[in-house]
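S.K.: Residue numbers (numbering that gives the first Met the number 0), protein chains in the order written: chain A, 0 to 205; chain B, 0 to 205.
To start, I am sharing the structure in question, which I have written as structure tokens.
Number of protein chains: 2
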Amino acid sequence: MTMTTPGSAQAKPPPRERLLDAAADLFYRRGTATGVDALCKAAGVSKRSMYQLFAGKDEVLAAALERIGPPLEAALLPPPDAPADPRARILYVFERMEEAAAQAGYHGCPYLSAQVELKDPAHQASVVAARNKQQMTAHFLTEAERAGAADPELVARRLMVVYDGASARAGIGSEHLDGLSAGLAALVLDAAGITGAGAAGSGAAG
Amino acid sequence: MTMTTPGSAQAKPPPRERLLDAAADLFYRRGTATGVDALCKAAGVSKRSMYQLFAGKDEVLAAALERIGPPLEAALLPPPDAPADPRARILYVFERMEEAAAQAGYHGCPYLSAQVELKDPAHQASVVAARNKQQMTAHFLTEAERAGAADPELVARRLMVVYDGASARAGIGSEHLDGLSAGLAALVLDAAGITGAGAAGSGAAG
DNA sequence: TCGACTGTAGACCGATCTGTTTCCCCTGTC
DNA sequence: GACAGGGGAAACAGATCGGTCTACAGTCGA
């Protein structure tokens with residue numbers, strides 16, 4: 000076996016990872032119109048290497064969106080062993096998103112941004128984005144089912160609308176969300192009869 | 000007076016209007032990355048004329064976003080003399096938006112798309128977009144105040160989140176919204192105690 | 001020391017980008 | 001008919017686009 004992966008974690012990761020990291024960062028901050036020259040320069044990778052590792056820019060974009068999936072889920076979704084309360088496990092997502100949205104440099108959900116920018120739902124990066132967003136929908140759906148909601152799919156769809164709307168508005172700087180999305184999500188849960196562990200029902204005031 | 004504006008409404012509008020119409024269409028359908036060559040060709044206007052009428056592409060984009068404001072408001076906001084019921088005047092917006100979103104070629108709110116694509120809130124087109132979106136917020140705020148809501152600004156902010164989230168998800172083809180946004184808006188109004196003209200209060204089921 | 005291999009640097013290609021300029025037709029006025 | 005001006009067609013410029021290719025430096029095992 001050739002030592003393509005150095006045994007001791009030394010200076011920098013291999014070109015492929017450097018490319019994906021730079022792509023996730025640049026495409027998110029500056030948009031998918033960022034050129035491959037800028038991308039390769041930021042990654043410290045030659046274009047020759049990039050085109051050996053990927054078929055083209057679109058594939059790099061799709062792979063970068065794929066790559067940020069696990070860390071994004073880890074940051075937004077509650078760990079499987081955390082609180083068992085479905086309501087808490089749903090509101091958790093909105094609380095983490097609002098925390099992220101309060102940071103400087105937040106530009107909304109990277110999947111939604113990519114889909115809006117590309118406009119073509121058939122683009123491979125759009126497909127990856129849609130698939131990853133589906134995981135959050137699945138989380139909402141699972142918890143709504145666990146909570147015994149009458150129409151868990153409606154709950155999940157409503158929560159996704161709240162999530163995308165709030166993150167988008169925060170991402171373009173039009174909204175500061177001090178609990179706005181969490182309050183809206185709580186409203187959705189109240190209407191579905193998904194109450195907290197031992198809490199009472201419809202107490203959320205307008 | 001030279002006959003720059005022909006007295007009789009003949010074949011085609013002047014170059015400026017043709018440019019703005021083509022810009023609104025192309026930038027919305029293909030994104031703001033559309034080139035000026037394609038724009039001028041679609042408008043039937045020479046680049047020479049375009050750069051005489053506008054300082055550059057960015058100014059054309061901003062002017063095009065400005066131009067679509069009045070017709071968009073006319074299509075989405077209830078006419079001032081229509082129903083006096085604040086709840087109906089709010090839900091009206093979501094019903095019109097869902098109708099538009101059901102049409103082929105819908106790609107979400109053009110203002111939000113532009114802001115997401117440009118990413119720079121200081122871009123003149125982003126400023127125009129933000130100003131125009133503010134008018135819908137003002138409509139929601141006015142009606143929430145008229146309805147005597149305890150926190151009309153919160154109601155307006157929540158409604159904008161629902162509006163942007165639903166239109167964005169419909170625009171990228173991830174959602175079909177059969178009353179989804181209107182139901183969510185109704186939930187917001189219920190929580191704020193904004194009931195219909197003679198209707199009862201909190202009947203919306205999850 | 002010698003390939004074999006990997007990866008960087010960067011020239012290069014044709015196409016396209018924004019923006020400028022030239023040329024010329026067409027129309028209205030005198 | 002002469003002429004002024006608006007505006008379309010298109011060449012042009014310099015930069016950048018996505019993508020290909022050559023040249024060379026470093027590192028490995030033998």
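Every residue, glycine too, gets a C-beta built ideally from N, C-alpha and C.
Using the Cβ count rule (16 or more neighbours within 10 Å means buried), how would you classify Asp80 of chain A?
M.R.: On the first sequence, position 81 is the one that residue 80 of chain A refers to. Its Cβ having fewer than 16 others within 10 Å, Asp80 of chain A is exposed.
S.K.: Could you run through the region 89 to 115 of chain A and flag, in chain order, every residue whose CB is less than 8 Å away from some CB of chain B?
M.R.: Going along the region 89 to 115 of chain A in chain order, one finds His106, Gly107, Leu111, Ser112, Gln114 and Val115 with a Cβ nearer than 8 Å to chain B.
S.K.: Answer yes if the region 160 to 178 of chain A comes into contact with the region 90 to 109 of chain A, meaning at least three C-beta pairs across the two stretches below 8 Å, and no otherwise.
M.R.: A contact exists between the region 90 to 109 of chain A and the region 160 to 178 of chain A.
S.K.: Should Asp84 of chain B be labelled buried (16 or more other beta-carbon atoms within 10 Å of its own) or exposed?
M.R.: Translated into positions along the second sequence, residue 84 of chain B becomes position 85. With 16 or more Cβ atoms within 10 Å of its Cβ, Asp84 of chain B is classed as buried.
S.K.: Classify Pro151 of chain A as helix, strand or coil using the three-state DSSP reduction.
M.R.: On the first sequence, residue 151 of chain A is found 152 positions in, with the first residue counted as 1. In the structure shown, Pro151 of chain A sits in a helix (DSSP, three-state: H, G or I).
S.K.: So, helix, strand or coil for Ala191 of chain A, using DSSP?
M.R.: Position 192 of the first sequence, counted from the first residue, corresponds to residue 191 of chain A. Coil at Ala191 of chain A, not helix or strand.
S.K.: Which runs of the alpha helix (DSSP H) at least 4 residues long sit entirely within the region 81 to 112 of chain A? Give them in chain order.
M.R.: Entirely contained in the region 81 to 112 of chain A, the alpha helix (DSSP H) runs reaching 4 residues are, in chain order, 85 to 101.
S.K.: For the region 153 to 165 of chain A, which residues have a beta carbon sitting closer than 8 Å to at least one beta carbon of chain B?
M.R.: Going along the region 153 to 165 of chain A in chain order, one finds Leu153, Val154, Arg156, Arg157, Met159, Val160, Val161, Tyr162, Asp163, Gly164 and Ala165 with a Cβ nearer than 8 Å to chain B.
S.K.: List the residues of chain B whose Cβ lies closer than 9 Å to the Cβ of Pro120 of chain A, in chain order.
M.R.: Along the first sequence, one-based indexing puts residue 120 of chain A at 121. Under the 9 Å cutoff, chain B gives Ile171, Gly172 and Ser173.
S.K.: What residues in the region 12 to 31 of chain A bring their beta carbon closer than 8 Å to a beta carbon of chain B?
M.R.: Cβ contacts with chain B come from Arg28, Arg29 and Gly30.
S.K.: Should Ser180 of chain B be flagged as near chain A, meaning a C-beta pair shorter than 8 Å?
M.R.: Start at 1 with the first residue of the second sequence, and residue 180 of chain B comes out as number 181. By this cut-off, Ser180 of chain B is an interface position.
S.K.: Give me the Cα-Cα distance between Leu75 of chain A and Gly104 of chain B, rounded to the nearest whole angstrom.
M.R.: As a position in the first sequence, residue 75 of chain A is number 76, starting the count at 1. As a position in the second sequence, residue 104 of chain B is number 105, starting the count at 1. Their Cα atoms are separated by approximately 32 Å.
S.K.: Are the Cβ atoms of Gly192 of chain B and Ala155 of chain B separated by less than 8 Å?
M.R.: In the second sequence, the residue the question calls residue 192 of chain B occupies position 193. In the second sequence, the residue the question calls residue 155 of chain B occupies position 156. Against a cut-off of 8 Å, the Cβ pair of Ala155 of chain B and Gly192 of chain B comes out as no contact.
S.K.: Looking at the unbroken alpha helix (DSSP H) that takes in Lys11 of chain A, where does it start and where does it end?
M.R.: Residue numbering aside, residue 11 of chain A sits at position 12 when the first sequence is read from its first letter. Here Lys11 of chain A belongs to no alpha helix (DSSP H), and DSSP marks it neither H nor E.
S.K.: Under 8 Å: do the region 55 to 70 of chain A and the region 119 to 128 of chain A share three or more Cβ pairs, one atom per stretch?
M.R.: They touch, by the three-pair rule.
S.K.: Out of A:Ala22, A:Ala21, A:Ala113 and A:Arg28, which has the shortest C-alpha to C-alpha gap to Asp119 of chain B?
M.R.: Walking along the second sequence from the start, residue 119 of chain B turns up at place 120. Out of A:Ala22, A:Ala21, A:Ala113 and A:Arg28, A:Arg28 has the C-alpha closest to the C-alpha of Asp119 of chain B.
S.K.: Which residues of chain A have a Cβ atom closer than 8 Å to the Cβ of Lys132 of chain B, listed in chain order?
M.R.: If you number the second sequence from 1, residue 132 of chain B lands on position 133. The contacting residues are Ser173.
S.K.: From this set, A:Asp177, A:Ala23, A:Thr194 and A:Ala21, which residue's C-alpha is nearest Glu144 of chain A's C-alpha?
M.R.: In the first sequence, the residue the question calls residue 144 of chain A occupies position 145. Minimum Cα distance to Glu144 of chain A is reached at A:Thr194.
S.K.: Ends of the alpha helix (DSSP H) at Phe139 of chain B?
M.R.: Residue 139 of chain B sits at position 140 when you count from the first residue of the second sequence. Where Phe139 of chain B is concerned, the enclosing alpha helix (DSSP H) stretches over Gln123 to Arg145.
S.K.: Report the option in A:Pro13, A:Gln51 and A:Lys56 whose CA atom is closest to the CA atom of Ala22 of chain A.
M.R.: For the purposes of this step, residue 22 of chain A is taken as residue 23 along the first sequence, with counting starting at 1. Of A:Pro13, A:Gln51 and A:Lys56, the residue nearest in Cα terms is A:Lys56.
S.K.: Using only the alpha-carbon positions, how far apart do Leu90 of chain A and Leu176 of chain A sit?
M.R.: For this step, residue 90 of chain A is matched to residue 91 along the first sequence. For this step, residue 176 of chain A is matched to residue 177 along the first sequence. For Leu90 of chain A and Leu176 of chain A, the distance between alpha carbons rounds to 14 Å.
S.K.: Could you have a look at Glu174 of chain B and say whether DSSP puts it in helix, strand or coil?
M.R.: One-based indexing of the second sequence puts residue 174 of chain B at position 175. Correct three-state label for Glu174 of chain B: coil.
S.K.: When the Cα of Ser173 of chain B is compared with those of A:Gln133, A:Glu16, A:Ala169 and A:Ala37, which residue comes out closest?
M.R.: For the purposes of this step, residue 173 of chain B is taken as residue 174 along the second sequence, with counting starting at 1. Of the listed residues, the one whose Cα sits closest to Ser173 of chain B is A:Gln133.
S.K.: In chain A, what lies closer than 8 Å to Arg168 of chain B by C-beta?
M.R.: Your numbering for residue 168 of chain B matches position 169 in the second sequence. Correct list: Met159, Val160 and Asp163.
S.K.: Hey, does Ala190 of chain A have any beta-carbon neighbour from chain B nearer than 8 Å?
M.R.: Position 191 of the first sequence, counting from 1, holds the residue named residue 190 of chain A. Yes, Ala190 of chain A lies at the interface with chain B (some Cβ there is under 8 Å from its Cβ).
S.K.: Am I right that Thr31 of chain A and Glu116 of chain A are in contact with their C-beta atoms under 8 Å? What's the rounded C-beta distance?
M.R.: What you label residue 31 of chain A is simply residue 32 of the first sequence in a count that begins at 1. What you label residue 116 of chain A is simply residue 117 of the first sequence in a count that begins at 1. Going by Cβ atoms, the distance from Thr31 of chain A to Glu116 of chain A rounds to 5 Å, so yes, they are a contact pair.
S.K.: Can you give me the Cβ contacts of Val59 of chain A inside the same chain, cut-off strictly under 6 Å, excluding the 5 residues immediately before and after it?
M.R.: Working through the first sequence from its first residue, we reach residue 59 of chain A at position 60. Here the set comprises Ala22 and Phe53.
S.K.: To the nearest angstrom, how far is it from the Cα of Arg17 of chain B to the Cα of Pro70 of chain A?
M.R.: Here residue 17 of chain B refers to the residue found at position 18 of the second sequence. Here residue 70 of chain A refers to the residue found at position 71 of the first sequence. Rounded to the nearest angstrom, the two C-alpha atoms are 47 Å apart.
S.K.: List, in order along the chain, the chain A residues whose C-beta lies closer than 7 Å to that of Ala129 of chain B?
M.R.: Taking the first residue of the second sequence as 1, we reach residue 129 of chain B at position 130. The contacting residues are Ser173.
S.K.: Would you mind giving the Cβ-Cβ distance between Ala37 of chain B and Leu25 of chain B, rounded to the nearest angstrom? I have them listed as a contact below 8 Å.
M.R.: As a working mapping, residue 37 of chain B is identified with position 38 in the second sequence. As a working mapping, residue 25 of chain B is identified with position 26 in the second sequence. The Cβ separation is near 7 Å, so the contact holds.
S.K.: How would you call Arg47 of chain A, buried or exposed, if buried means at least 16 neighbouring beta carbons within 10 angstroms?
M.R.: Translated into the one-based positions of the first sequence, residue 47 of chain A becomes position 48. So Arg47 of chain A ends up on the exposed side.
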